[in-house]
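Enquirer: Please see the structure below; I have some questions.
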RNA sequence: GGUCUCGUGGCCGAGAGGUUAGGCAAGGCUCUGCAAAAGCUUGUACAGCGGUUCGAAUCCGCUCGAGACCUCCA
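Numbering (my numbering), first residue to last: 347 to 838.
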């Protein structure tokens, strides 16, 4: 398989990816709801789609990547007494709703930046697209897919079913869905239990509200994505992504809204990133089973024994396939970190490789690169890509003893390709564990004095002195490595 | 209760009807004053029970276990 294939949740199969308007690719990803801090589970999803964005870009596509910010708040329930989550939190904390939205939006972006996720091309907010959402409701009403009841507007599943199937994405039948319907308050306005809100009339205590032809209220929870994806990517676009938990009902409703309004379901590929679990259970703010991505970098969590670098965390995440459930544990992260650092040092070896050997070695760099592409073309199989990187590291080690393995050109090409895969595609930022310039310089100078002292002690077989120096440095987090060409050090 | 997914060696995690995934850990070896680091190397795993097949971890059925969704949720 030499071209990119992606797993489409809608058809349930791996399909060759061909953009509608090559070389342009339109990609929409459901972003965060900014009423609380994002947790590591959220982060995994966005990093999964960052990987896709990076790989598509790597393949030469011009990608318009739209990821929304849900700042209008979702309903807690379909009940009239239900309130906007953002509004509720606002009262609890005595803050303006938009103040909360601002705080967590900024926090979200900081996390994304810390983990080296590229910013999307457009990051539209729901509150910034109330007009578009109202227009979309008008269209659905005009076409008969929606009805008004007491100032609220609902999408009619029964009407929709006359033209289109419902439940395709999640593979559910209407009967199953009806069987699973729960009795919720405020259903009396709905004609059918599966109908969902497009517009909700705001109760008196509801803070976030906008005028509309039907009532002063707020948009339903699926509407923004339909409105904004259509606005920026068109009625038909290439890829729609989101967390697995959004498959139903969110994406199902989105498709229904899209088809009702435009005749098209929206994206041709629906991609879903799987959950990150903690202690075998899904991360969720509500249960307290969460990990803050910033605590991970600081080492501040009862779940952690130490702090980790963003690169190590990303490496851990991409060592599992995005469609698999990944269970987080400190030990799993430590294992990933060790492997990651080994790859980084392999790059260092390659950078410092003396010119030598034939131009092209016995180990074929182009073939290796082909295997890397092959892995990513198989629905972004980053675990296999990483396995290939370790294969390359093995070749680099062999090349140290025999420069005919890589050859001079081969080594140069391999270095460039490894950096491309690791940094450009996998987004593993080069480790910043070197201090800023002047401190690094000072440390190097101090260390060369210390290592020189130790060298002299060793030469005179004064092992107690040399070992004492080594132990003392280790106490400060400096590991001394004795090699054939003298000693070097590394800060842990 | 309904729908669905998953169960891989000590741990994490790919793959997938017949050919070594990979990482971490562990054992052995090389190097070494010792250690660390690094390199080389070893391990034959696919929940259980049946079935299909020349052949199944990979397909089918059942059992057990775990998880997701059905309600805001990445």
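The beta-carbon is built from N, C-alpha and C at its ideal position, and this holds for glycine as well.
Distance, Cα to Cα, residue 671 vs residue 659?
Expert: 16 Å
Enquirer: Any idea if residue 457 is buried or exposed, counting beta-carbon neighbours within 10 angstroms, 16 or more meaning buried?
Expert: buried
Enquirer: Does DSSP classify residue 635 as helix, strand or coil?
Expert: strand
Enquirer: For the candidate residues 463, 594, 373 and 473, whose alpha-carbon lies nearest to that of residue 447?
Expert: Of the candidates 463, 594, 373 and 473, the residue whose Cα lies closest to the Cα of residue 447 is 473.
Enquirer: By Cβ distance, which residues of its chain are closer than 6 Å to residue 772, with the 5 residues on each side in sequence left out?
Expert: Only 664 meet the Cβ criterion.
Enquirer: Kindly give me the distance between the Cβ atoms of residue 662 and residue 678, rounded to whole angstroms, as I take these residues to be in contact under 8 Å.
Expert: Indeed, because the Cβ distance is near 7 Å, the residues count as touching under 8 Å.
Enquirer: Specify the secondary structure class of residue 799 as computed by DSSP and reduced to three states.
Expert: helix
Enquirer: In terms of DSSP beta bridges, what is residue 373 paired with?
Expert: Answer by DSSP bridge pairing, in chain order: 411 and 585.
Enquirer: Would you identify the three-state DSSP class for residue 824, choosing helix, strand or coil?
Expert: strand
Enquirer: Using only CA atoms, which one of 386, 365 and 702 lies nearest to residue 642?
Expert: 386
Enquirer: Comparing alpha-carbon positions, which option in 588, 534 and 377 lies nearest residue 498?
Expert: 534
Enquirer: To the nearest angstrom, how far is the alpha carbon of residue 823 from that of residue 650?
Expert: 19 Å
Enquirer: Which whole-angstrom value describes the C-beta separation of residue 340 and residue 783, a residue pair presumed to lie in contact below a C-beta threshold of 8 Å?
Expert: Residue 340 lies beyond the stretch modelled for the chain, which goes from 347 to 838, so this question has no answer here.
Enquirer: Assuming residue 412 and residue 402 are in contact, meaning their beta carbons sit under 8 Å apart, how far apart are those beta carbons, in whole angstroms?
Expert: Residue 412 to residue 402, Cβ: 13 Å. No contact.
Enquirer: Looking at residue 583: is its Cβ nearer than 7 Å to the Cβ of residue 372?
Expert: For the 7 Å CB-CB criterion, residue 583 and residue 372 form a contact.
Enquirer: Where does the unbroken beta strand (DSSP E) through residue 623 begin, and where does it stop?
Expert: 622-624
Enquirer: Do you know how far the Cα of residue 485 is from the Cα of residue 362?
Expert: When rounded, the separation of the alpha-carbon atoms in residue 362 and residue 485 is 34 Å.
Enquirer: Taking the alpha helix (DSSP H) that residue 484 falls in, what are its first and last residues?
Expert: Start and end: 476-488.
Enquirer: Below 8 Å on the Cβ atoms is my contact criterion, and I expect residue 624 with residue 585 to pass it. Report the Cβ-Cβ distance as a whole number of Å.
Expert: That pair is no contact at about 28 Å.
Enquirer: For residue 836, which of helix, strand or coil comes out of DSSP?
Expert: strand
Enquirer: Since residue 686 and residue 619 should fall inside the 8 Å C-beta cutoff, what is the C-beta to C-beta distance between them, to a whole number of angstroms?
Expert: That pair is no contact at about 21 Å.
Enquirer: Taking just the CA atoms, how far does residue 770 sit from residue 744?
Expert: 26 Å
Enquirer: Quick one, are the C-beta atoms of residue 622 and residue 674 less than 7 Å apart?
Expert: yes
Enquirer: When the distance is taken between beta carbons, is residue 702 closer than 7 Å to residue 749?
Expert: yes
Enquirer: Could you name the residues of the same chain whose beta carbon sits closer than 7 Å to that of residue 666, not counting the 5 residues immediately before and after it, in chain order?
Expert: 672 and 729
Enquirer: Give a yes or no on contact between the segment 544-555 and the segment 503-523, applying the rule of three or more CB pairs nearer than 8 Å.
Expert: no
Enquirer: From what residue to what residue does the beta strand (DSSP E) around residue 395 run?
Expert: For residue 395, there is no enclosing beta strand (DSSP E); the enclosing alpha helix (DSSP H) has its first and last residue at 386-404.
Enquirer: How many Å lie between residue 540 and residue 517 at the Cα?
Expert: 15 Å
Enquirer: Return the CA-CA distance between residue 655 and residue 542, expressed in angstroms with no decimal places.
Expert: 43 Å
Enquirer: Relative to the alpha-carbon of residue 846, which residue among 553, 723 and 523 has its alpha-carbon at the smallest distance?
Expert: The structure shown has nothing for residue 846, since the chain only spans 347 to 838.
Enquirer: Going by DSSP, what residue range makes up the alpha helix (DSSP H) through residue 606?
Expert: 598-608
Enquirer: Would you tell me roughly how many angstroms separate the C-alpha atoms of residue 725 and residue 520, rounded to the nearest one?
Expert: 30 Å
Enquirer: Specify the secondary structure class of residue 535 as computed by DSSP and reduced to three states.
Expert: helix
Enquirer: Sorted by chain position, which residues of the same chain lie with C-beta nearer than 6 Å to residue 797's C-beta, five sequence neighbours on each side aside?
Expert: 833
Enquirer: Is any heavy atom in the ligand MG found nearer than 6 Å to the beta carbon of residue 583?
Expert: Only the bare structure without any ligand can be found here, which leaves the ligand MG out of the picture.
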